[in-house]
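Protein chains in written order, with this note's numbering: chain A, 939 to 1090; chain B, 2 to 334; chain C, 14 to 434. Ideal Cβ placement from N, Cα and C applies to all residues, glycine included.
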Amino acid sequence: MVEIKLKVNGKSYILEIEEDMRLLDLLREKLGLLGVKEGCSEGECGACTVIMDGKVVNSCLVMAFQAEGSSITTIEGLEKEGEIHPIQQAFIEVGAVQCGYCTPGMILSAKALLDKNPNPTEEEIREGISGNLCRCTGYNKIIQAVEKGKGV
Amino acid sequence: MKKRGRGIGLSFYGTGYGNGFPDASKAKVKLLKDGKVGIYVGGTEVGQGAKTVLSQIGSETLKLPLDKIIFISEDTSLMPDSGTAAASRQTYNTGNAIKIACENFKNRLREAAREQLKLNAIHGLTVEKGEIYLEFFPQKRISFKELSKIYGDDNIEAEGEFIAQTIEMDPETGQGAPYWPYTFNACGVELEVDTITGLVEIERAVFAQDVGRAINPHLVEGQMDGGFAMALGYVLFEDLKLEKGKIYNNKFSKYLIPTAMDMIQIENIIVEEPEYTAPFGAKGIGEPVMIPVGPAILNAIYDAIGVRITELPVTPERLIKAIEEDGKKKEEI
Amino acid sequence: MNLDIVGRNILRIDALSKVTGKALYPEDIFMDNMVYGKTLRSKVPHAYIRIDTGKAEKIDGVIKVLTHKDVPNNEHGVIFKDHEVFCSEKVRRIGDPIAFVVAKNKKICELALKEILIEYEEIEEVFCPIKAMKEDSPKVHGDTNIVYHYKIRKGDVEEGFKNSYAIAENIYRTHMVDHAFLQPEAGISFIDEEGRVTVMVATQYPHYDREEIASALELSEEKVRIINTNIGGAFGGREDISLQIHLALAAKVLNRPIKAIYSREESFIAHAKRHSMIMKYKTGADRDGKLLAMEAEIVGDTGAYASWATNVLRKSGVHATGPYFIPNVKVDSIAVYTNNPFAGAMRGFGATQVPIAHEQQMDILAEKLGIDPIAIRMKNIFKQGSITATGQVLTDSVPLDRCIEKVAEKIDFSLEREEAY
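In structure tokens, the structure reads:
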């Protein structure tokens, strides 16, 4: 067991963890942040995407101890004072959600993209979310949602 | 060298289990506390939008706003059997069952209203916006809320069942009416084939889908985009690498499905021509939306390079091999 | 018709819970006193087996190892009951379930799986559906591998081909693919407050799951309860039973909550695939492009279990002509067992494969006749009143001509265009 300190969704934690624990398990099982999904366990599908110190990471590929001292945002951290984030709102409005399993990771990738590049082209959006697989939507309504979410 | 081609694919698709098998959906509708209405069906939300579309059908039939409807489709101890969420049958079959159940429920409400309003009969009673009133003397009215207070939870309810009409086919000749209704579509694509790398890039796609009537156009478009993507993966790159019964590509790093980079904007066209046996004319489209895309791509590849690909998937290796073999054949001639 | 809500882009009623991550899938449900389960699966495609769970059961933290001996009625299947809940004597494919370990945590489950000894006595396998159809092929079940044969006999195809000016003949091959829904199978089972065996699972058809669990456990259906959670995509891949009976059995035997989550790799071998098909087509048209005859022989590989094979190959057969009126049609559509992964429902259900053939046939004929792909289709498509190859009259809502026109308005398919073949 090792002890780590990290910040998740603005809150500081000191946690006892097993050495072989992944960040994904820490978030889901220790902190109950169940919006972090596991789809492939090898960093291909992006369902477990979280934002770590401003960058998107696949939390299935990050060991929990590697998150020492970092600041992490999960889908649960996007709501501010009971209001959902404009990107979440855009996903609802344009119909970018189907089964919903890729949605949290997709929204976080979109957010990280827009934080870095507030006015991306369609190509840049496609590239920005290309690490997140979706089997339902064919991505186009997701692209539309990100377009709508920019500049908000 | 990059070569461009265009192709079209058509398909038709018969909805439901088919072939005379009793394809039934059941629905139950109940007046709940506060005048809300519960719709109970076994129609599963797999992501296709069943909850939303089926709620819209209920809402339209009851002329009741959606926020007054509670849709329950999760627990077998609460809901009747509405068949599987497959065969593109939920909108048509369960939609019809909900419509029938809601019509029956309206009559139950009218009966209750007749009793409370001390009327002689139920005709002339309109059910709308959570109220029941007499058309030609609108002062005679009572709300769902009042009725739920008087009759309590669970006392005003109705059921509905819809069974699709199909006929078993003759085992020797295949003659019969196996499915109803049928849904139609056409997809056209323009693409570019790189004859050196074997890569195929979709440049443009126009997709026209018959839906009978679109209950929710955005959801239809979402299905069309998703069906296109799934067909793109099917035809161009998804490969289990199956050898002697073993799946070698058993993870996403090997079994490649389309990413946002592989997709393009699709020009989706919804074609409406209401089907008379369907709820508000709406047919199921969950499966049809993937079907014409693959053949359109294959025909466009031929248009581009003059080589027919008869085996899926059209991976770069297979495409290059086909081009080489075709070249050899032409040399021999 | 005066419509208030139908036809409007109502926002999905489940969208808010999904964009906030609050929507729960089976793996997101945790219960007190919960333990974990994991499946042991066959590593070979065709073999007689002997199972020894003794060593695994002695591992600290292992609660139970379930095998066929624990199942009151060891069978299931959507049409034919050809699946065993756990294989008893024979495995028929790689991935066939043999045992289900229940342990305190996932790590102990993994450890225990390695300690279950399976002795495989391998038998000759068959992977090619054409070979499997032969009399002397190894048999996967019973005494024939042919599961189903659907036929259409309409008119006289020989006469039709004799009168044809152009004929296209080809063999098309499609492959097995996976649904690749994003959420791998998962579930949690427990005995509810009314004593019902309850399984929370992501399934396409909860009432079917209830029926199969009740039948396998020999319980009345009222004693079984399925709660569908949110479902991370399905596309046909969640129609057959995967972990539902294993979980229900474990809950009944142990009277405590059990959870199982498949890895992506296990998901790939656990659920059905799209049928691969070999489609031999011959299509004839007159000089004007009017279709006169079509003959198709379709062989679908359903792998080790039938699942929906009868209905899938039937759907292929019925849709084999494509949306075209053809006076003379002969179709043979056959489903065959092999030792491949089993095939079942997947989006389009047999109607997805045949257009790979019939639509290329149309273009081949068009080219031979020197007409464009739109023209040949418009001459033959179904319209209101058309009769299909099964003799069905399309009485209503047949707007295929409008679909084609909409596409052709935007993309030019004429032969005069610059890049035409």
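Is the Cβ-Cβ distance between residue i and residue j less than 9 Å?
{"i": "Leu53/C", "j": "Phe113/C", "result": "yes"}
{"i": "Ala25/B", "j": "Ile248/B", "result": "no"}
{"i": "Ile347/C", "j": "Gly313/C", "result": "yes"}
{"i": "Pro142/C", "j": "Ile26/C", "result": "no"}
{"i": "Pro1024/A", "j": "Val974/A", "result": "no"}
{"i": "Ala319/C", "j": "Val170/C", "result": "no"}
{"i": "Gln405/C", "j": "Ala181/C", "result": "no"}
{"i": "Pro179/B", "j": "Gly287/B", "result": "no"}
{"i": "Ile1013/A", "j": "Leu1046/A", "result": "yes"}
{"i": "Phe248/C", "j": "Arg1073/A", "result": "yes"}
{"i": "Ser149/B", "j": "Leu32/B", "result": "yes"}
{"i": "Val221/B", "j": "Ile271/B", "result": "yes"}
{"i": "Ile76/C", "j": "Ile111/C", "result": "no"}
{"i": "Val325/C", "j": "Ala145/C", "result": "no"}
{"i": "Ala206/B", "j": "Ile265/B", "result": "yes"}
{"i": "Phe13/B", "j": "Gly335/C", "result": "yes"}
{"i": "Asp155/B", "j": "Val190/C", "result": "no"}
{"i": "Ala232/B", "j": "Met291/B", "result": "yes"}
{"i": "Ala356/C", "j": "Gly330/C", "result": "no"}
{"i": "Asn353/C", "j": "Gly246/B", "result": "yes"}
{"i": "Ile165/C", "j": "Ala333/C", "result": "yes"}
Within 10 angstroms of its Cβ, does residue i collect 16 or more other Cβ (buried), or is it exposed?
{"i": "Met262/B", "result": "exposed"}
{"i": "Thr198/B", "result": "exposed"}
{"i": "Asp65/C", "result": "exposed"}
{"i": "Gln166/B", "result": "exposed"}
{"i": "Leu1071/A", "result": "buried"}
{"i": "Lys272/C", "result": "buried"}
{"i": "Thr1059/A", "result": "exposed"}
{"i": "Val940/A", "result": "exposed"}
{"i": "Lys396/C", "result": "exposed"}
{"i": "Gln140/B", "result": "exposed"}
{"i": "Met2/B", "result": "exposed"}
{"i": "Glu252/C", "result": "buried"}
{"i": "Tyr434/C", "result": "With a pLDDT of only 49 at Tyr434/C, under the threshold of 50, the placement of this residue in the model should not be trusted; the figure read from the coordinates follows. By the 10 Å Cβ count, Tyr434/C comes out exposed."}
{"i": "Tyr277/B", "result": "exposed"}
{"i": "Arg430/C", "result": "exposed"}
{"i": "Thr174/B", "result": "exposed"}
Using 8 Å as the cut-off, classify the Cβ of residue i as near or not near the heavy atoms of the ligand HEM, replying yes or no.
{"i": "Glu279/C", "result": "In terms of ligand content, the structure shown is empty, and the ligand HEM therefore cannot be addressed."}
Go through the segment 71–146 of chain B residue by residue and report every complete run of the beta strand (DSSP E) that reaches 3 residues or more, in order. 126–129, 132–135, 142–144
Please list the residues of the segment 959–989 of chain A that have a C-beta atom closer than 9 Å to any C-beta atom in chain C, keeping them in chain order. Arg966, Glu967, Gly970, Leu971, Leu972, Gly973, Val974, Lys975, Glu976, Gly977, Cys978, Ser979, Glu980, Glu982, Cys983, Ala985
Alpha helix (DSSP H) runs contained entirely in the segment 1021–1080 of chain A, provided each spans 4 or more residues: 1024–1032, 1041–1054, 1060–1066
With a floor of 4 residues, list each alpha helix (DSSP H) that falls wholly inside the segment 318–383 of chain C, ordered by position along the chain. 322–331, 367–382
When Cβ atoms are compared, which residues of the segment 15–41 of chain C fall closer than 9 Å to chain A? Asn22, Leu24, Arg25, Asp27, Ala28, Leu29, Ser30, Lys31, Val32, Thr33, Gly34, Lys35, Ala36, Leu37, Tyr38, Glu40, Asp41
Give, in chain order, every unbroken run of the alpha helix (DSSP H) that is at least 4 residues long and sits entirely within the segment 156–241 of chain B. The qualifying runs are 218–233.
Would you mind listing the alpha helix (DSSP H) stretches within the segment 106–160 of chain C that are 4+ residues and don't spill past its ends, in chain order? 119–128, 142–145
What residues in the segment 1049–1080 of chain A have a beta carbon less than 9 Å from any beta carbon of chain B? Flagged, chain order: Glu1060, Glu1061, Ile1063, Arg1064, Glu1065, Gly1066, Ile1067, Ser1068, Gly1069, Asn1070, Leu1071, Cys1072, Arg1073, Cys1074, Thr1075, Gly1076, Tyr1077, Asn1078, Lys1079, Ile1080.
Cβ contact check for the segment 195–213 of chain B and the segment 306–322 of chain B: 3 or more pairs under 8 Å: yes
At what residue ranges does the segment 966–991 of chain A contain a whole run of the beta strand (DSSP E), taking only runs of 3 or more? 987–990
Quick one: which unbroken alpha helix (DSSP H) runs of 4-plus residues sit fully inside the segment 20–81 of chain B? Chain order, please. 51–63
Residue ranges of each beta strand (DSSP E) run of no fewer than 3 residues wholly in the segment 42–119 of chain C, ordered along the chain? Residue ranges of uninterrupted beta strand (DSSP E) with 3 or more members, entirely inside the segment 42–119 of chain C and ordered along the chain, are 48–54, 60–65, 75–79, 110–116.
What residue ranges within the segment 247–318 of chain C form continuous beta strand (DSSP E) runs of no fewer than 3 residues, ordered along the chain? 271–274, 289–298, 304–316
How do the segment 78–96 of chain B and the segment 37–50 of chain B stand: do at least 3 beta-carbon pairs fall below 8 Å, yes or no? yes
Would you call the segment 256–272 of chain C and the segment 113–121 of chain B touching, i.e. three or more CB-CB distances under 8 Å? No: the two stretches stay apart, fewer than three of their Cβ pairs being nearer than 8 Å.
Any contact of the segment 42–50 of chain C with the segment 109–123 of chain C, i.e. 3+ C-beta pairs under 8 Å? yes
Using a Cβ cut-off of 9 Å, which residues of the segment 244–265 of chain C contact any Cβ in chain A, in chain order? Ile244, Gly245, Gly246, Ala247, Phe248
When you check each C-beta in the segment 194–226 of chain C against every C-beta of chain A, which residues fall closer than 8 Å? Answer set for the segment 194–226 of chain C: Phe194, Leu195, Gln196, Pro197.
Is it a yes or a no for the segment 366–373 of chain C touching the segment 184–201 of chain C, going by three-plus beta-carbon pairs under 8 Å? yes
Is the segment 293–304 of chain C touching the segment 190–205 of chain C in the sense that three or more CB pairs, one from each, lie closer than 8 Å? no
For the segment 78–109 of chain C, enumerate the residues whose C-beta is nearer than 7 Å to any C-beta of chain A, in chain order. none
Three or more C-beta pairs below 8 Å linking the segment 54–72 of chain B and the segment 188–197 of chain B: Result no; under three Cβ-Cβ pairs closer than 8 Å.
Taking beta-carbon pairs under 7 Å, can you tell me which members of the segment 1024–1047 of chain A lie near chain C? Gln1026, Phe1029, Ile1030, Glu1031, Gly1033, Val1035, Cys1037, Gly1038, Tyr1039, Cys1040, Thr1041, Pro1042, Ile1045
When the Cβ atoms of the segment 98–113 of chain B are set against those of the segment 126–144 of chain B, are three or more pairs found closer than 8 Å? yes
What are the residues of the segment 199–229 of chain B that lie near chain A, defined by any Cβ-Cβ distance shorter than 9 Å? Taking 9 Å as the Cβ-Cβ cut-off against chain A, the residues of the segment 199–229 of chain B that qualify are Asn217, His219, Leu220, Glu222, Gly223, Gln224, Met225, Asp226, Gly227, Gly228, Phe229.
Sequence ranges, alpha helix (DSSP H) only - wholly within the segment 161–196 of chain C, length at least 4: 170–175
Closer than 7 Å, Cβ to Cβ, to anything on chain C: give me those residues from the segment 158–178 of chain B, in chain order. Met170, Glu173, Thr174, Gly175, Gln176, Gly177, Ala178
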